Each structure stands twice: as C-alpha cells, then as structure tokens.
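Protein chains in written order, with my numbering: chain A, 1 to 455; chain B, 1 to 455. For reference, the structure is listed below as structure tokens.
Number of protein chains: 2
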Amino acid sequence: MEQILKHIDDGLEDALERLFSLLRIPSISAQPAHKADCIAAAHWARGTLEDMGFTARLSETAGLPGVIATHHAAGPGAPHVLFYGHYDVQPADPLELWHSPPFEPQLKDGRIVARGAVDDKGQVVSFLEACRAHLAVNGRLPVRLTILLEGEEECGSPSLAQLLTQERENLKADFVLVADTNMWDPETPAITTSLRGLAGAEVTLHGPARDLHSGLFGGMALNPANELVRVLGGLRDAEGVVQIPGFYDGIAAVAPALLESWGALGFSPEAFLGAVGLRHPAGEANQPPLAQLWARPTAEINGIFGGYQGDGTKTVIPAHATAKLTFRLVPGQNPTKILENFELFLRANLHPDARLEMKRFGAAPGFAMRLDAPFMRAAQTALAEEFGRPAALVGCGASIPIVEAFKTHLGLETLLAGFGLDDDCIHSPNEKFDIACFHRGTRAHARLLAAFADH
Amino acid sequence: MEQILKHIDDGLEDALERLFSLLRIPSISAQPAHKADCIAAAHWARGTLEDMGFTARLSETAGLPGVIATHHAAGPGAPHVLFYGHYDVQPADPLELWHSPPFEPQLKDGRIVARGAVDDKGQVVSFLEACRAHLAVNGRLPVRLTILLEGEEECGSPSLAQLLTQERENLKADFVLVADTNMWDPETPAITTSLRGLAGAEVTLHGPARDLHSGLFGGMALNPANELVRVLGGLRDAEGVVQIPGFYDGIAAVAPALLESWGALGFSPEAFLGAVGLRHPAGEANQPPLAQLWARPTAEINGIFGGYQGDGTKTVIPAHATAKLTFRLVPGQNPTKILENFELFLRANLHPDARLEMKRFGAAPGFAMRLDAPFMRAAQTALAEEFGRPAALVGCGASIPIVEAFKTHLGLETLLAGFGLDDDCIHSPNEKFDIACFHRGTRAHARLLAAFADH
C-alpha cells in the first residue's frame, strides 16, 4: 500500500492533467446543443479505461449512453465492487458570475476551478487514479471491479432504469460504491448511512359550488379555506409531533453508534440555520437537531392556495382550497400506508359539506445502510487510516434516487463516500474541488479498494 | 288614505308609462360613454319632481350629479324624511343573454323587464308615484320630504361623501328612507334591521431567507406554511366559536322581537344552502342558522397562498406564506380592537423563527336599527296594513355602505324597506320587477308617508 500511495503522490501532476482533459469537455446533459460533447466525454472515459487495461464499452439508451468497464483479474474469490459516477455536468450559466471560463480548468489557491471539478468528474477521476496506481504497482486490482458512468445524472437520470435493466447481468456485484457526496469538513471524511424517503399528496377541499359573497353567506356557508387550515392545523402538535395515526409506527431508534458519531461532529444548529436566516430547530422538540434532519420523518406543506391572492381585500368565500404536502420518511415507515393514514386523518373530523379530493405523488421508502455490512467496516478502516480519524457517519435528509434505483433494479446496497466539501459551489458559478481533497480522495480510494479485499 | 290608494290603483298604467320613460335612458354610471345618458336621467328626475311641485336641482360633484328635491309644505311640525335612491344602473352585458333589449322596457307575464326595472329606477318611481297620489288628492305631502337621488351607486359611490358633505345643511332630516332592498317573499314585506360590519387583515409569516430544499432542511427549519396553518387552524374551535380573546365582548343577545320575527319566516337552511351546493350550517353550533348569517360575527379566510402552486409536487419549504382574512362584525364589536386582538392571538404562540407581518384593511362597525324608533313603528304599521301581515324583520350579513355614510356624514339612521324579490336578477340579464310589487310598493309607500306623520 505504501508503494501505491507513493505512486499517487508522485503522479499528482499527471493525474490533474488527465482530469483537466475531461473538464475541458462541456458535457452538459440538459442542453441538446451539447449532446456531441456528452458523447465525447463518454468516449474519453471509455478510452481512458481501456488504456488502463479495463474492458470498456458504451451502452446505448434512449438518451445519452452509459459507459461500462470491467477489470476482473482479481478472480472469483475477490469481492465484486460496482463503482458508479457520472460524466455529465450542470449547465454553467450565469456565465458572467464565473471568474474564469467554466470549461477552461484552472489551479488557483489550491483549488481546481471548473464546471464539474467536483460534481462528478473530479470525484470519478480520483477513483480512476486510485485504480491506475493499483494497476501500475501490482498489475491488477485487489477486487473485481465494474464501473458504470452515467451521462444523464444532472437532468434527472431519465434513462437510468433502462440502463440498469438492459445491463442487469453485466452489473452483478456485491455492492455499489458511489463517489458523489461530501466530507464532513476538510479534515474529516464521511459516509452517508441513511437517506429519507418521500411521499407526496395534493389535498383539495371543495365547498360551495361557486365563490360566495362573504357577507351574504358568511357564517352559515362552509368556507373550504377555513376548513383546510383547521384540519391541517392539527397536523403537528405544539411539540412538532405529527398527529397522523400510526405515523411513527415501525421507526427504530437511532443506533447508538450513529448517535455517538453525531455527537462527535460538533454540529452547530445555530450555524446551520443561521445561514438561511433562522435560529431555532423547529422539529420534534424531544429529538436532537441532527435527528430532526436525518432520522425523523417530516410533514411539510410545500404549497397552499385558495381564494383571492391579489392586492387588498376581497370578501369572498372561495369554492375550494388546496395544499400540497410531502412527507420525508425514514426506514420502517410504509409510504403507501402513510398516505392512507393521512387521508383517514383528514376525513376524521371534516365538516360534512367539505368534499375531499386527494392526489398522491410518488412514494419512496427511507433507506439506512447496514452498519455491520463488511464493505461498511472496510470503508471505516480505510478512511480512518487515510485521515487519522474515524469517518463521520452522517445522514442525508433528502433522497438520492440512484440509491433506490440500485436497490430496485439490481438488489444492491450502496456505499456513499465522497470527498467534496460543502463550499464547493456545485451547480453554481465557480465550482471548485480542493486539490487536497482530490489528492486525499485518490489515496482514500486506493485504501478502500484494498480494504474491500480484506473484509 | 282610501282616496289616495284608489288614485294609485286607477293610475297604474300612467305610472308604468312614466317609469318606462326613465328605463329607456341607458344611465350606466360605470361606462364613460354613457355619461350624457346619466345626466339625462338626472334631468328626467329633476323635471319630473318639479312637475309634481317639488323644488328640485342638480348638485354637481367631481363625478355625476346628485338630484336634490324638497317639498316642505307639511310645515315645521311634521316629521322630516330624507328619501334616498339612485338613478344609475348596472351595465347590461352580456347582451346576448337578454330576451329583449335591456333599454326597451317590456311588460311580460306580469313583469316589467329592463335594466334598472327594480334596481333602482322601479323602486324610486314607486316612491315618486306615492308622492304624486298624495299631492293629487291632498295638494300636499303628510311629511316634510327631501329627496336625494345619487348617480354613482352602481360604481361604488365615489362622490357620495362629497355630496353629503357639501349638502349637509340641505339634507337635514329625522331619518333616511331607502327603497333599494327586497321583500321576504311575494306576500311578505321586509324591513332590514341590521347590517354586519367588516374588518380585514392580510397576514404573512416569514421564515427562512429563501425557499429551502425540504430534504436538506426539512424537520429542523421552520416551515412558514405549516406555521401559518397551525396558528390559523386554531382560529375557530370544533363548534365554530372564534378563539380570538375578547372576540365576542360587547355583543348583545338578539332581541326577542327579532328572534320571534325570524322564527315566523319559515326560513329553510337546506334551501338556502342547497342553492349553492351546500347542506349544513357551518357557523357557531349553538346559534340558529339565521343568527349565524345576520347576527353573529365571522372569521373568514378569503385567500391563502404560499410556496409551490403548479402541477405535481415540489419539495420546497417556502420562505413565506400569506392569508387574507375578513371579520364580519356585529354591533358591540370594536373593529380596531378586533384586529388588535387578532394580532395578539397570532403572536401568542408563534414559533420564534416566524416573523409576522400584518396589514389592516378598512374597519367598519356593525349596524342595528333601534326597533323602538318612531319611524320603525310607523313602518311596521303601514306595511302590515298594506300586506295584511307583519313585515319580516330581517338582517343583512353584508354591509350597505350608504347606511354608514348617512350615519357618518349626516348623523342619521336609515330605514331600509324595499319591494324587490330575490329572483329579480339585479345586476344580471333580464332584470325584472313584478308589476304587483311595483303597484303594492307604491301603495305601501303612500301608507308609509302617512304613517310617519302619525307616529
């Protein structure tokens, strides 16, 4: 391993050159004008992987092709890793806010600056460079490795399901490794061990057949806006506890190992909320702030509307009023059941003149990594060795759709470990990747590959 | 009186002719193209009144002129009545829905059909014809009478305050008589004895500095839409009782005479609500339906909005959410105090990260006629004599701005007694006035004039 790490240290300049050659390709998947650039990036990846000794090819889809590469010299006894990354990038506008052209990568103040510097080209290349070092020193990788690079991640992965379906046999592996997330801070690596799921609903209460004059009818005629607000007003109690029956059924307590890891993070709710103009955690009062964010479900009104919205006042009883809600879900909650119970909650004490119409939107369960999986212990060992401190075990309050896709289509669990930082300006002007993060990320990936073979 | 009534009965055809000559003038105050028509209608009124022996003139305003006429032969000992009506009408469109041209009045199936047939030309002329009969038979009126006809009632009375101010000395009287309301049903006259007032507010809760991702922030960040719904959700309890502290302070119980009159009306909440697609009274559960409509205050959300309102779902925590509310008020409630207490109610248990912004809109108190006023007893007597049954004492859940204007500018109370019916299609195509209503209205007005002199 020392030889491999030295190879990485000595080759940093060359590795950055190779990354720059990829960053110069404006592979913006959302913009049809850049379709040829996207395909060029796919060919760059295929060629680079073949040069390294991989068997590589493009896998065509209805949209942009995937790149699939394999290196199975480790033999059938070795663990089989599926690495996922994406070669496409976000659009670069507004261009006038960039300090240097987005597709002319620069090294400035210890940073790689370019669109895609970290998301996800820099992270992908740091993994490829780790493979390159293993291959240079040992002539083979310590694991069987399949690489899948997607070309449409930044526009919602419209062809990912097709790709995973048509390549199911070729993507068999023990687990998926994704390098598209962040470290906890510049000194502390992180593994994202949980994601929240999602269930959505649009609720409309219909009342009178038309808008009514609030003087001539007010008091006797049901007002659907009042009624909607009344029933949804009871959605959470004063302590922030969601009042839908059975809402918390099946949720396990947060594992002590996670709580311990979170406690060591030095997380500041004041700093986190202060950045968006807030101060006080607003979730369940008896839950620690990070649990409110990562481990507890929510019931949020994302939009509400009904009646008059113009200037001044209009004395109308609206014919209907609507709220759009989403529930962030955690493992143990059944999204379908949550929406069923939500409807029962609404109907439970509705005025008889209020007619409920409810639409449901996509229901995805929450996800939690098995903390005792072998690849998990391997990752903790490798990251601790590289950074001299344990990896933070963090949650993510949002969903990462690819994780669900791998579970659904391939039956695989995903290890989320990446080396970006929160200030990398992904999706924004002046995206950057610290050279130190790229370099240590490469070293960490080299250690991860070895550790997977040992666990 | 018998002679006067016979004069009215015998002269019905001529009276209709005179009404028709006024209905042919398209005096649409909202449309500048009809300004000359409006002035022609004012001149029609002035000329008609002068021919009857009144002293009459136009009173110029920034908008359309008022018509002011006096007949004071009854002498200083007689009561002084100020009669109010308006000579302008609503626009006639959509023209294609009229079965006959709106300004070519027709007699059809016992109805006068034309724009303005009842609102308010028919009601004004029925009063003028009552005066004409008194003058024909006795050479004088039983009361001192001042007539004020407005030309801008159908476009919000923008010059009424100016008119009342500049003519204050000329409009002194004991009370105002307005013929612009309806009977209870074709056999039952009505006096409107109460109006509700109004106070309005726009409430915005501000939370985060910008819209937030509901996954990355949800649970820990305050959601202003949730918070708005939570605090407004407690505005009324399950029994429909408004929870603002002091909201009901100062409200007197409904007078037994009114309750008795309402009980005799045979009012059907099912029919009233059924016409607009509802069935169940939704106000305070312990109040009779007519009290919910006429005698009890309300708290209505007229509009609500915040966050995402498009198709599908968007996982956003909105930066702010807004509700527009109005309170219908009844006598005893102080509109300013109500809005103050509403703000206290909102602030009482607001999350510390929710910043409240509240705008206030016009505050007008409720109005209730003194049931024991002499003109009130006179009106009850006269109407009972004409119709053979007592007048219904009804409330109106809305405001009638002229009533407040007379109170504010002239210090006068208003007697609201008119002879329209609910199915007269005012403001709609095919407006009509039953000939029987016009005729009995004229007879009732003749009796009213006499009764005012006797009480």
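The C-beta atom is built at its ideal place from N, Cα and C for all residues, glycine as well. This structure is a prediction, so every number in the text was calculated from the model and none was measured.
Within its own chain, the residues whose Cβ lies closer than 6 Å to the Cβ of A/Glu300, once the five positions on either side in sequence are excluded, are Thr326, listed in chain order. Under a criterion of Cβ atoms nearer than 7 Å, no residue of chain B is adjacent to A/Gly411; the nearest Cβ is some 25 Å distant.
Boundaries of the beta strand (DSSP E) around B/Ala199: 197–206. Of all residues in the region 21–49 of chain A, none has a C-beta nearer than 7 Å to a C-beta of chain B.
Only those residues of the region 333–367 of chain A whose C-beta falls short of 8 Å from the nearest C-beta of chain B are listed: Asn349, His351, Pro352, Asp353, Phe361, Gly362. Residue contact check for A/Glu152 against chain B: no CB pair falls below 8 Å. Fewer than three beta-carbon pairs drawn from the region 335–348 of chain A and the region 375–384 of chain A are found closer than 8 Å, and the two stretches are therefore not classed as touching.
In this structure, B/Ala368 sits near B/Pro331, with a CB-CB distance shorter than 8 Å. Distance from the CA of B/Leu259 to the CA of B/Asn170, rounded to the nearest whole angstrom, comes to 38 Å. With contact defined as three or more Cβ pairs closer than 8 Å, the region 118–133 of chain B and the region 174–189 of chain B are in contact. Per DSSP, the continuous alpha helix (DSSP H) segment holding B/Gly47 begins and ends at 35–51. In chain order, Ser214, Ala225, Gly307, Tyr308, Thr313, Lys314, Thr315, Val316, Ile317, Pro318 make up the part of chain A whose C-beta sits under 8 Å from the C-beta of B/Asn302. Shortest Cα-Cα distance from A/Ala41 to any of A/Phe54, A/Leu58, A/Arg236 involves A/Leu58. Listed along the chain, the chain B residues whose CB falls inside 8 Å of the CB of A/Gln292 are Gly219, Met220.
Under DSSP, B/Arg360 forms a beta bridge with B/Ala201. Secondary structure at A/Leu393: strand, using DSSP grouped into helix, strand and coil. Membership of B/Leu346 in the alpha helix (DSSP H) is indicated by the continuous run 335–348. Under the Cβ criterion of 8 Å, A/Ser428 is not counted among the residues facing chain B. Judged by DSSP in its simplified three-state form, A/Leu23 adopts helix. Proximity of chain B to A/Ser399 at the Cβ level (cut-off 8 Å) is accounted for by Gly215, in chain order. Within chain B, the residues whose beta carbon sits less than 8 Å from that of A/Thr298 are Ser214, Gly218, Gly219, listed in sequence order.
Assignment of beta-bridge partners to B/Leu5 by DSSP yields no partner. Just so you know, the alpha carbons of B/His7 and B/Tyr84 end up roughly 24 Å apart. In the three-state DSSP reduction, A/Gly233 falls in the helix class (H, G or I). Interface with chain B (8 Å Cβ-Cβ cutoff): A/Pro94 is excluded. Relative to the Cα of A/Phe375, the nearest Cα in the group A/Ala78, A/Leu95, A/Arg440, A/Val254 belongs to A/Ala78. Closest by C-alpha distance to B/Ala275, out of A/Leu265, A/Met220, A/Val241, is A/Met220. A distance below 8 Å separates the beta carbons of A/Leu329 and A/Gly197. Taking 8 Å as the threshold, the shortest C-beta distance from A/Gly395 to chain B does not fall below it. Between B/Ala73 and B/Leu141, the CB-CB gap stays under 8 Å. Among the CB atoms of chain A, one or more fall inside 8 Å of the CB of B/Lys324. Flagged as an interface residue toward chain B: A/Ala282, by a C-beta distance shorter than 8 Å. If you check the CB distance, B/Trp44 and B/Leu22 come in under 8 Å. One finds nothing in chain A with a Cβ atom closer than 9 Å to the Cβ of B/Pro245; even the nearest lies about 18 Å away.
The alpha-carbon of A/Pro289 is positioned some 11 Å away from that of A/Gly263. Around the CB of B/Glu357, fewer than 16 other CB atoms lie within 10 Å, so the residue is classed as exposed.
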